[in-house]
Amino acid sequence: MVTAVKTYSIGEVSKITGLPSSTIRYYDSLNFLPYLEKSPQGIRKFTQRDIDTIRIVECLKKSGLTLKEIQAYTKMIAQGDRSIVQRRELFYTTRQRLLDQMHEMKKTLKMLDFKCEYYDRAIADGTEKYVSTDMQFSKAFPETED
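When you number the sequence shown by UniProt numbering, it's gap-free, plus one each residue, and the end is 146.
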């Protein structure tokens, strides 16, 4: 017995993903959904696989990939098993770039926290006179710090 695959309308996919229908249509126009089927009348019939692909596309966008890079990824999906190694490499490279960015962001956050504390103390004291001596930025953040 063949089990029918559940399909979703673009409106349902919009609700599931939180994306406007126009964005989903745009993704289709960019060929981001290599397995998306359409009825003879051109109505898109989304499956869970398509929804998962949309979620991955959103992840890749948030991680900094360009639309062109995402198109290359979705072309690899369509190649099937021949592109498994390349797809894995894309995700490892993207992951490392994101980790590097997070490291830089943590350093930036640490500096911002320092300056927040600096100004909190200056306001509490009513002057920067004492805090500027006690909390020198160059001592807290030497140039060689990583």
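We put the CB at the ideal spot given by N, CA and C, even for glycine.
field: Buried or exposed (CB count within 10 angstroms, at least 16 for buried), Ile24
entry: Indexing the sequence shown from 1 puts residue 24 at position 24. Under this definition Ile24 is a buried residue.
message: Closest to Leu112 by C-alpha separation, out of Tyr26, Ser39, Ala140, Arg55, would be which residue?
response: As a first step, residue 112 is located in the sequence shown; it is residue number 112 there, counting from the start. Considering only alpha carbons, the answer is Ala140.
- request: Put residue 151 into one of helix, strand or coil per three-state DSSP.
  value: Given that the chain is displayed from residue 1 to residue 146, the structure contains no residue 151 and the question cannot be resolved.
task: Identify whether Tyr8 lies in helix, strand or coil by the three-state DSSP scheme.
output: Residue mapping note: residue 8 aligns to position 8 of the sequence shown, counting from 1. It is a strand residue.
query: Rounded to a whole number of angstroms, what is the C-alpha to C-alpha distance between Gln86 and Asp100?
result: Numbered from its first residue, the sequence shown carries residue 86 at position 86. Numbered from its first residue, the sequence shown carries residue 100 at position 100. Gln86 and Asp100: Cα-Cα distance of roughly 21 Å.
- prompt: Leaving out the 5 sequence neighbours to the left and right, which residues in its chain are closer than 8 Å to residue 176 when beta-carbon positions are compared?
  reply: Lying outside 1 to 146, the shown extent of the chain, residue 176 is not represented and no answer is given.
message: Would you call the stretch 51–64 in contact with the stretch 15–32, where contact means no fewer than 3 C-beta pairs closer than 8 Å?
response: yes
query: Straight-line CA distance for Leu98 to Lys15?
result: By 1-based counting over the sequence shown, the position of residue 98 is 98. By 1-based counting over the sequence shown, the position of residue 15 is 15. Cα-Cα distance, rounded: 28 Å.
- prompt: From Arg89 to Gly11, what distance separates their C-alpha atoms?
  reply: Stepping through the sequence shown from its first residue, residue 89 is reached at position 89. Stepping through the sequence shown from its first residue, residue 11 is reached at position 11. The residue you asked about is not Arg; residue 89 is Glu in the sequence shown. If I take the Cα positions, the gap works out to 34 Å.
Gly111, enclosing alpha helix (DSSP H) - first and last residue: Here residue 111 is taken as the residue at index 111 of the sequence shown, counted from 1. Here residue 111 is Met; the residue named in the question, Gly, does not match the sequence. Per DSSP, Met111 belongs to the alpha helix (DSSP H) from 84–125.
message: In the DSSP assignment, the alpha helix (DSSP H) including Ser39 goes from what residue to what residue?
response: Locating residue 39 in the sequence shown gives position 39, counting from the first residue. No alpha helix (DSSP H) holds Ser39; DSSP gives it neither H nor E.
task: Report buried or exposed for Thr53, applying the criterion of at least 16 other Cβ atoms within 10 angstroms of its Cβ.
output: In the sequence shown, residue 53 corresponds to position 53, counting from 1. By the neighbour-count rule (16 or more Cβ atoms within 10 Å), Thr53 is buried.
task: Assign Asp134 to buried or exposed, taking buried as 16 or more other Cβ atoms, counted over all protein chains shown, within 10 Å of its Cβ.
output: Within the sequence shown, residue 134 is the residue found at index 134, counting from 1. With fewer than 16 other Cβ atoms within 10 Å, it is exposed.
- prompt: Over what stretch of residues does the alpha helix (DSSP H) that includes Asp134 continue unbroken?
  reply: Counted from its first residue, the sequence shown places residue 134 at position 134. Where Asp134 is concerned, the enclosing alpha helix (DSSP H) stretches over 131–134.
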